[in-house]
Amino acid sequence: MENITSTEKKKRIFSAIQPSGQMTLGNYLGAIRSWVELQDKFECVYATANLHAITVRQDPKKLKENTTNLFALLIAAGIDPAKCIFFHQSQVHAHAELSWVLSTYTQFGELSRMTQFKDKSAKHSDNINAGLFTYPALMAADILLYQADMVPVGADQKQHLELTRNVAERFNGIYGNTFVVPEPYITKTAAKVMSLLDPSKKMSKSDPNTKSFILMVDEPATIMKKFRSAVTDSEASVRYAEGKDGINNLMEIYSACTGLTFEQIEDEFRGKGYGDFKNAVGEAVVAQLEPIQIRYKELLKDKKYLEELARQGAESASKLAERTIDKVYRKVGLVR
Ligand code: TRP
Numbered sequence: 060m061e062n063i064t065s066t067e068k069k070k071r072i073f074s075a076i077q078p079s080g081q082m083t084l085g086n087y088l089g090a091i092r093s094w095v096e097l098q099d100k101f102e103c104v105y106a107t108a109n110l111h112a113i114t115v116r117q118d119p120k121k122l123k124e125n126t127t128n129l130f131a132l133l134i135a136a137g138i139d140p141a142k143c144i145f146f147h148q149s150q151v152h153a154h155a156e157l158s159w160v161l162s163t164y165t166q167f168g169e170l171s172r173m174t175q176f177k178d179k180s181a182k183h184s185d186n187i188n189a190g191l192f193t194y195p196a197l198m199a200a201d202i203l204l205y206q207a208d209m210v211p212v213g214a215d216q217k218q219h220l221e222l223t224r225n226v227a228e229r230f231n232g233i234y235g236n237t238f239v240v241p242e243p244y245i246t247k248t249a250a251k252v253m254s255l256l257d258p259s260k261k262m263s264k265s266d267p268n269t270k271s272f273i274l275m276v277d278e279p280a281t282i283m284k285k286f287r288s289a290v291t292d293s294e295a296s297v298r299y300a301e302g303k304d305g306i307n308n309l310m311e312i313y314s315a316c317t318g319l320t321f322e323q324i325e326d327e328f329r330g331k332g333y334g335d336f337k338n339a340v341g342e343a344v345v346a347q348l349e350p351i352q353i354r355y356k357e358l359l360k361d362k363k364y365l366e367e368l369a370r371q372g373a374e375s376a377s378k379l380a381e382r383t384i385d386k387v388y389r390k391v392g393l394v395r
């Protein structure tokens with residue numbers, strides 16, 4: 060019998076995360092964990108998006124430290140350089156090169172409509188730089204360089220992916236088939252994690268109240284304490300329902316960590332109080348994060364090893380990226 064799947068070419072995935080400080084439980088359950096799962100099914104190319112990070116002012120020492128820490132944390136979480144290509148965006152020249160070319164195929168009007176640009180320029184009104192504006196062209200370059208078939212993105216990056224598709228189609232329309240036009244990849248297992256204190260808002264590390272979010276590196280005791288102070292309601296019944304945003308959020312987190320369905324969770328906590336439930340959620344989160352924290356601390360002891368992993372990743376990435384940039388320069392008429 061012929062095995063078709065073994066000879067079929069795996070689809071390629073690209074994604075990147077900005078090294079902008081600490082990762083939260085929301086980043087883990089919403090994105091990082093699905094990156095890990097995707098490695099077994101697809102050819103995955105992952106990067107830290109440090110070039111994107113400088114569109115807002117950064118302290119150089121901190122940026123470098125955050126970038127290395129993120130790299131280590133993702134490996135600790137299960138991103139395996141033996142299974143995927145993992146590197147820092149700044150290590151592969153072609154990102155900046157293709158970004159420049161693509162920015163000349165991206166319209167001012169299109170970029171002006173990006174909601175992230177509007178939000179960020181309102182937030183950083185003293186530094187509305189050109190890079191903040193052309194940010195989506197760099198993101199398009201990231202994706203198109205690797206001819207990615209699919210990009211796992213959250214809601215906040217959907218508009219940028221749509222723009223990437225438009226730019227790819229525009230370029231292909233002028234010069235003939237050059238880029239794979241990428242599709243968004245929606246992961247079923249990704250959980251949307253809300254603030255523990257205001258469950259109508261997304262969990263965010265920029266919230267001034269640190270009790271509203273869980274960091275991936277929070278001590279187990281801190282995690283337990285934060286869950287104990289999570290906002291719930293006065294009904295004292297663990298069930299998923301409208302108007303129970305706090306409990307719904309805790310159920311979502313518990314489900315994501317244990318694999319239990321909402322029904323199974325309701326059965327488990329029937330007749331029990333919120334105190335028991337909050338403890339169980341805290342313990343389930345600690346069970347996920349503690350092994351990652353241990354590996355993370357271990358990895359950070361050997362910076363040379365981390366550098367070597369990134370260097371190897373960048374080398375593999377460059378090989379793929381060079382093919383695309385060669386093709387693009389040739390089509391556009393640029394001397395190489
Ligand atoms: N802009 C993305 C974010 O802030 C990070 C990113 C950079 C990215 N390049 C990408 C995500 C390419 C997906 C694909 O979340």
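Read in order, the letters of the sequence shown are residues 60 to 395 in our numbering. Ideal placement from N, C-alpha and C gives every residue a C-beta, glycine not left out.
Placement of the Cβ of alanine 249 at a distance of 7 Å or more from every heavy atom of the ligand TRP is found. Look at the beta carbons and you see the segment 126 to 144 touching the segment 346 to 360: at least three pairs across the two are nearer than 8 Å. By the Cβ rule, the segment 84 to 98 counts as touching the segment 263 to 281, because three or more pairs are nearer than 8 Å. Distance check between valine 345 and each of Leu220, Asp277 and Thr383 places Asp277 closest, using alpha-carbon atoms only. Around the C-beta of arginine 370, fewer than 16 other C-beta atoms lie within 10 Å, and the residue is accordingly described as exposed. Phenylalanine 167 counts as exposed, since fewer than 16 other C-beta atoms from the protein chains shown sit within 10 angstroms of its C-beta. Straight through space, the alpha carbons of threonine 114 and asparagine 186 are spaced by roughly 9 Å. The segment 303 to 311 makes no contact with the segment 233 to 246: fewer than 3 CB pairs, one atom from each, lie closer than 8 Å.
Taking 8 Å as the cut-off, the beta carbon of methionine 173 is found closer than this to the beta carbon of glutamine 218. Fully contained in the segment 94 to 145 are the following beta strand (DSSP E) runs of length 3 or more, in chain order: 102 to 107. A direct Cα-to-Cα measurement between phenylalanine 321 and valine 340 gives close to 13 Å.
Listed in chain order, the beta strand (DSSP E) runs fully inside the segment 229 to 302 are 242 to 244, counting runs of at least 3 residues. Here DSSP, grouped into helix, strand and coil, assigns valine 210 to strand. Taking C-beta atoms as the reference points, phenylalanine 146 and alanine 376 count as a pair closer than 8 Å.
For isoleucine 202, there is no enclosing beta strand (DSSP E); the enclosing alpha helix (DSSP H) covers residues 189 to 204. In the three-state DSSP reduction, arginine 172 falls in the coil class, being neither helix nor strand. In this structure, the ligand TRP has no non-hydrogen atom nearer than 7 Å to the beta-carbon of histidine 152. Residue range 362 to 391 is occupied by the alpha helix (DSSP H) that includes arginine 389. Distances taken from the Cβ of serine 254 to the heavy atoms of the ligand TRP include none shorter than 7 Å.
Alanine 315 and threonine 291 have their alpha carbons spaced roughly 19 Å apart. Relative to the non-hydrogen atoms of the ligand TRP, the Cβ of serine 74 comes within a distance shorter than 7 Å of at least one.
At least 8 Å separates the beta-carbon of valine 394 from that of leucine 157.
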